[in-house]
Structure formats: structure tokens, C-alpha cells
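Here the structure is laid out as C-alpha cells; the discussion comes afterwards.
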Amino acid sequence: MDKVVASAADAVADIGDGASLAVGGFGLCGVPTLLISALHARGAAGLTVVSNNCGLDGRGLGQLLAAGRIARAMGSYVGANKEFARQYLAGEIEVELMPQGTLAERLRAGGAGIAAFFTPAGVGTLVADGGLPWRYAPDGTVAVASPAKEVREFGGREYVLEEGITTDFALVRAAVGDRHGNLVFHRAARNFNPLAAMAGRVTLAEVERLVEPGEIDPDAVHLPGVFVQRVVELTPEQAADKPIETRTLREGGDA
1 MDKVVASAAD
11 AVADIGDGAS
21 LAVGGFGLCG
31 VPTLLISALH
41 ARGAAGLTVV
51 SNNCGLDGRG
61 LGQLLAAGRI
71 ARAMGSYVGA
81 NKEFARQYLA
91 GEIEVELMPQ
101 GTLAERLRAG
111 GAGIAAFFTP
121 AGVGTLVADG
131 GLPWRYAPDG
141 TVAVASPAKE
151 VREFGGREYV
161 LEEGITTDFA
171 LVRAAVGDRH
181 GNLVFHRAAR
191 NFNPLAAMAG
201 RVTLAEVERL
211 VEPGEIDPDA
221 VHLPGVFVQR
231 VVELTPEQAA
241 DKPIETRTLR
251 EGGDA
């Protein structure tokens with residue numbers, strides 16, 4: 001039952017070329033930076049990544065992106081990552097964008113063994129009708145577009161069919177974890193981490209504080225250990241490395 005591995009390098013050792021990954025985090029909050037760095041060092045390429053966004057330039061998934069390791073990204077936000085936007089518009093990466101709530105539910109559904117579900121989000125748009133650019137050609141035309149999806153009416157309202165997502169691996173970060181893989185997330189870091197962990201067939205969790213089994217109150221567990229296969233303990237320095245994505249300061253007044 002002890003799922004702790006010696007290092008992040010050991011945890012990602014069997015992630016090879018072409019693997020699919022569900023990755024927790026939102027912007028730079030709750031991102032499994034140590035595991036991503038270890039995967040970058042390993043050199044795996046041609047990856048399919050499912051995550052809300054692809055980090056920032058040089059941080060989080062931005063490391064893999066800058067190295068050309070990501071072949072396909074599924075998420076809901078391109079945002080401030082200039083390299084992500086450049087690769088997408090240049091046709092160097094395939095990107096499937098979807099509503100943020102749909103992404104969350106597709107991950108949760110995949111982890112719960114639900115093949116597909118109907119949602120009103122996206123009805124009447126290219127999300128349902130098809131035609132969203134997944135990949136551009138070098139000349140700026142659309143090389144690959146999203147297909148149309150099934151739309152059905154329930155109770156007088158239209159809903160679009162979305163498929164659950166499962167991946168080969170999942171990388172997540174938790175504030176507290178025990179040796180059995182039970183995890184607790186801190187506030188906003190609870191964003192996509194539990195959902196990504198559920199969707200991965202093999203889930204790797206880096207934890208800021210490792211405790212013994214039984215130390216976490218069962219009612220305080222955010223993600224049961226049944227969804228986690230490997231646990232990596234962060235050093236205090238690694239746990240404290242939490243850059244701020246955007247800092248906004250008030251003019252004048254007290255600090």
C-alpha cells in the first residue's frame with residue numbers, strides 16, 4: 001500500500017513518447033511543477049496533454065511546450081502563453097478548445113467510468129456544429145477542424161453530447177498526502193487536480209507534506225488513494241516555489 005517513490009524521475013520513468021497526460025492546475029496554481037520538470041528531463045515527446053491551459057512561457061507545461069514535446073493539447077484557455085499561441089497559429093500543435101465546465105466534466109466522467117454525457121454548454125456554436133480549428137496549415141488555412149457532435153432535445157431544451165476523457169497518466173499536486181495516496185488540496189489548488197487524477201489510468205501526485213496513513217481525517221480527504229498510484233514528496237524548497245502569475249498593486253495607500 002505504500003505508494004511513495006524515491007524521486008520524481010522514478011515516478012515518470014515509464015512515460016514514453018506518444019503518451020497522453022491529464023495535468024492538474026490552473027495558470028500557475030496547483031501545477032505539478034516537479035513532475036513536469038522530471039518529464040521534461042526524461043525527454044518524452046509527441047505527448048497529448050489535457051489541462052485547463054499550458055502554463056506560462058517557461059513555467060509548468062510551458063517547459064514541455066517550448067521544447068516541442070506536446071503534439072496535441074486539450075483545454076479551455078490559451079491565455080498569456082505566447083509560445084502556445086504561436087505554435088497553434090503556426091500549425092505546429094493541434095489544439096482542442098472547449099468550455100471550461102465541459103473540460104472539467106469530461107475529466108470527471110472519464111474517471112467515473114461514464115462514456116459520455118449531454119450538456120447545454122456549446123449548443124448553437126461551433127463546439128456543437130463543428131468547424132473549430134484544431135490545427136492550422138502553414139498558410140493560415142484550417143488543416144483540421146472539429147467534427148459536428150450529436151445534439152438531442154430533453155425537456156424542450158437542446159443538449160450536445162460530450163465524451164468522457166481518460167489518459168495514460170495524470171500528474172497532480174496536493175498540499176498533503178499520505179503513503180496510501182489519499183490527498184488534500186489547498187483552496188484554489190483544488191481546481192482541476194482531483195478531476196485530472198481521476199482521469200489518469202496511472203496517477204502521479206507530488207505532495208508538499210507527506211504524512212502517515214491515518215493522519216488525515218477521512219472527512220478531510222479530497223481525493224481517495226484509490227485514484228493515486230505514485231506519490232512523490234517535495235522538499236520544503238520545492239513546496240515553497242509558487243510563482244505568482246499576475247501581480248496587481250494598488251497605487252498609493254498602505255502596502
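First residue of the sequence shown? That's 1 in UniProt numbering, and the numbers climb one at a time after it.
Built from N, CA and C at the ideal position, the CB exists for glycine as well.
- For Q238, the CB contacts under 6 Å within the same chain, skipping 5 residues up- and downstream, are L34 in chain order.
- The stretch 222-239 and the stretch 202-214 touch, with three or more beta-carbon pairs separated by less than 8 Å.
- Between F169 and Y159, the alpha-carbon positions lie close to 30 Å from each other.
- By the criterion of at least three beta-carbon pairs nearer than 8 Å, the stretch 238-248 is not in contact with the stretch 210-223.
- Secondary structure of G200 (DSSP, three-state): strand.
- Going by C-alpha positions, I216 is about 30 Å away from D14.
- Taking each of V151, A116, R187 and V5 in turn and checking the Cα distance to A128, the smallest one comes out for V151.
- In the DSSP annotation of this structure, the continuous segment of the alpha helix (DSSP H) that includes T33 starts and ends at T33 to R42.
- For D129, the enclosing alpha helix (DSSP H) starts and ends at L126 to D129.
- S20 is bridged by DSSP to T48.
- Between G113 and T166, the C-beta gap is not smaller than 7 Å, which leaves the two residues out of contact.
- Taking one beta carbon from each stretch, the stretch 11-25 and the stretch 38-56 have 3 or more pairs nearer than 8 Å; the two touch.
- Per DSSP, the beta bridge partners of A116 are E163.
- DSSP places R247 outside both helix and strand once states are collapsed to three, so it counts as coil.
- Ranking K3, P194 and R179 by CA distance to the CA of H186 puts P194 first.
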